[in-house]
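Before any comments, here is the structure.
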Amino acid sequence: MQTTIRVGILGATGTVGQRFLQLLDGHPQFRVTALAASDRSEGRRYRDACAWRLPGDMPDAARDLVVQAPAPPLDCDLVFSSLPTDIAGPVEAQFAHAGYPVISNSASHRMDEAVPLLIPEVNPDHLGLLDRRRQDGAGRGFIVTNPNCSTVMLALALAPLAARFGVEAVAATTLQALSGAGYPGVASLDITDNVVPFIAHEEEKIERETRKILGRLTGGRVAPAGFAVSAQCHRVNVVDGHLAAVRVRLARPADPGELRDAFASFTALPQELRLPSAPERPIVVRDEPDRPQPRLDRDAGRGMSLTVGRIAPDAVLGHRFVVLSHNTIRGAAGAAILNAELLLARGYLKPAD
Ligand SMILES: NC(=O)c1ccc[n+]([C@@H]2O[C@H](COP(=O)([O-])OP(=O)(O)OC[C@H]3O[C@@H](n4cnc5c(N)ncnc54)[C@H](OP(=O)(O)O)[C@@H]3O)[C@@H](O)[C@H]2O)c1
Numbered sequence: 057m058q059t060t061i062r063v064g065i066l067g068a069t070g071t072v073g074q075r076f077l078q079l080l081d082g083h084p085q086f087r088v089t090a091l092a093a094s095d096r097s098e099g100r101r102y103r104d105a106c107a108w109r110l111p112g113d114m115p116d117a118a119r120d121l122v123v124q125a126p127a128p129p130l131d132c133d134l135v136f137s138s139l140p141t142d143i144a145g146p147v148e149a150q151f152a153h154a155g156y157p158v159i160s161n162s163a164s165h166r167m168d169e170a171v172p173l174l175i176p177e178v179n180p181d182h183l184g185l186l187d188r189r190r191q192d193g194a195g196r197g198f199i200v201t202n203p204n205c206s207t208v209m210l211a212l213a214l215a216p217l218a219a220r221f222g223v224e225a226v227a228a229t230t231l232q233a234l235s236g237a238g239y240p241g242v243a244s245l246d247i248t249d250n251v252v253p254f255i256a257h258e259e260e261k262i263e264r265e266t267r268k269i270l271g272r273l274t275g276g277r278v279a280p281a282g283f284a285v286s287a288q289c290h291r292v293n294v295v296d297g298h299l300a301a302v303r304v305r306l307a308r309p310a311d312p313g314e315l316r317d318a319f320a321s322f323t324a325l326p327q328e329l330r331l332p333s334a335p336e337r338p339i340v341v342r343d344e345p346d347r348p349q350p351r352l353d354r355d356a357g358r359g360m361s362l363t364v365g366r367i368a369p370d371a372v373l374g375h376r377f378v379v380l381s382h383n384t385i386r387g388a389a390g391a392a393i394l395n396a397e398l399l400l401a402r403g404y405l406k407p408a409d
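Quick note: the sequence shown, position 70, residue 126 per my numbering, numbers continuous.
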């Protein structure tokens, strides 16, 4: 019989929290039993506390749940966290300390030495950090994080190139969607007819997280990948779907056809394990000269596939391409759910006694 894990969502009323509920509706392994948000929502039924902003109705299973404070105990076996970064740090640590597995979207713990920063297709071996905690006698609780919404597409796109050719340097220019800023996000008068060349802390996150994800686990620690990453980030007037123009220097010569093949043929552990949220193809390659585009390509693989196009030689770093992903699915809630599916498949999650 299939195990059902009872899950709680911290930040359930927000942009990412709503995506969690949408993606978990009818999930074969996880059932939502607890919701938490700020004191603005606490004590109210979800249907009254939440202004649902995704297409379709809010899932029936959530409507009558009463929103609670984000503090243990909650009636669930694990928590997904989509809390704002400034409060996620202590709250997530409190849940882990109380014995809950915490699967987080927030930036607070991503760079902690003992916390896996996980993309199941790229670094599933980094879950070894949790084994070390267990050996050290830590309890049932732990924290696993998914990357920043732009890091995930950069690191996942680089993974097949790093494996096949080696990567020596990366420069990425992002064009990021409005939903990445949460709700209500950027003021309409700031973004209409405009591009904003600043997203607080985003460039630093992409630069350090990419190197951790593509780093090597040795001696119970992750040694960051040795190549430099340079990121420049821009907010653009698109609702969903982050795009990055990427230039990369590889360790060995390769032609664009070889890069195309490395992207298009890439599959990994989640596909092998047939995890419920794993897309059949993690990277879809489009050969049309004007793709990928957010409106046309963000829903590839139910929002879990990247789309790569414009693969070409580059006069400065050798190679270039453009990559796109759905920022609230592969970049947030879908990434966390895939992480939880891998944790379950690997025996790290169990229903509480
Ligand atoms: N949006 C994306 O594409 C994306 C992608 C990757 C990662 N993230 C990360 O995910 C997290 C959530 O982002 P979001 O876009 O969903 O933000 P959001 O739309 O602003 O939602 C924030 C959520 O947190 C709750 N909250 C706010 N202040 C709180 C407090 N003091 N105590 C408890 N709960 C509080 C809100 O509840 P109320 O409704 O009650 O105020 C709401 O449920 C952030 O850390 C963000 O960096 C977002």
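Beta carbons are placed, not taken as given, at the ideal position from N, Cα and C, and that holds for glycine.
1. By DSSP, does residue 227 sit in helix, in strand, or in coil?
2. Are residue 368 and residue 376 close, meaning C-beta to C-beta below 8 Å?
3. I believe residue 176 touches residue 325 by the beta-carbon criterion, under 8 Å. Please report the beta-carbon distance rounded to the nearest angstrom.
4. How many angstroms separate the CA atom of residue 360 from the CA atom of residue 100?
5. Once you ignore the five residues that flank residue 307 on each side, which residues in its own chain have a CB closer than 8 Å to its CB?
6. Consider the C-beta atom of residue 199 and the heavy atoms of ligand 2; say whether any pair is separated by less than 7 Å.
7. Look at the Cβ atom of residue 213, then the Cβ atom of residue 302, and state whether they are nearer than 8 Å.
8. Just to confirm, is the Cβ distance from residue 298 to residue 349 under 8 Å?
9. Between the alpha carbons of residue 197 and residue 117, how many angstroms are there, rounded?
10. Check residue 354 in the structure and name its three-state DSSP category.
11. Following a CB-centred definition, is residue 173 positioned closer than 7 Å to any heavy atom of ligand 1?
12. Between residue 340 and residue 318, is the Cβ-Cβ spacing less than 8 Å?
13. Quick one, are the C-beta atoms of residue 342 and residue 362 less than 8 Å apart?
14. Three or more C-beta pairs under 8 Å: does that hold for the region 200-214 against the region 254-272?
15. The alpha helix (DSSP H) with residue 311 in it runs from where to where?
16. Check for me: the beta strand (DSSP E) holding residue 136 runs from which residue to which?
17. Would residue 162 pass as a contact of residue 141 if the rule is Cβ separation under 8 Å?
18. Tell me whether residue 279 is buried or exposed, calling it buried when 16 or more other Cβ atoms sit within 10 Å of its Cβ.
19. Take the Cβ of residue 390 as the centre, count every other Cβ of all protein chains shown within 10 Å, and call the residue buried at 16 or more, exposed below.
20. Check each candidate in 313, 182, 207 and name the one with the smallest Cα separation from residue 289.
21. Mapping the DSSP letters down to three states, classify residue 62 as helix, strand or coil.
22. Please state if the CB of residue 400 and the CB of residue 65 are separated by a distance shorter than 8 Å.
23. Helix, strand or coil for residue 82 per DSSP?
24. Does the beta-carbon of residue 169 have 16 or more other beta-carbons within 10 angstroms, so that it is buried, or is it exposed?
25. Please classify residue 370: does DSSP put it in a helix, a strand, or coil?
According to the structure shown:
1. strand
2. yes
3. So it is a contact: roughly 6 Å between Cβ atoms.
4. 32 Å
5. Correct list, in chain order: 221, 222, 223, 224.
6. Within the structure as shown, ligand 2 is missing, the only ligands being ligand 1.
7. yes
8. no
9. The straight-line gap from Cα to Cα measures roughly 26 Å.
10. coil
11. No, the Cβ of residue 173 stays beyond 7 Å of every heavy atom of ligand 1.
12. Residue 340 is not a Cβ neighbour of residue 318, given a cutoff of 8 Å.
13. Their beta carbons are not under 8 Å apart, which means residue 342 does not touch residue 362 by this criterion.
14. yes
15. Unbroken run through residue 311: none, as it is neither H nor E.
16. 134-137
17. yes
18. exposed
19. buried
20. Nearest of 313, 182, 207 to residue 289, Cα basis: 207.
21. strand
22. no
23. Residue state, collapsed to three classes: coil.
24. exposed
25. Here residue 370 sits in strand by DSSP.
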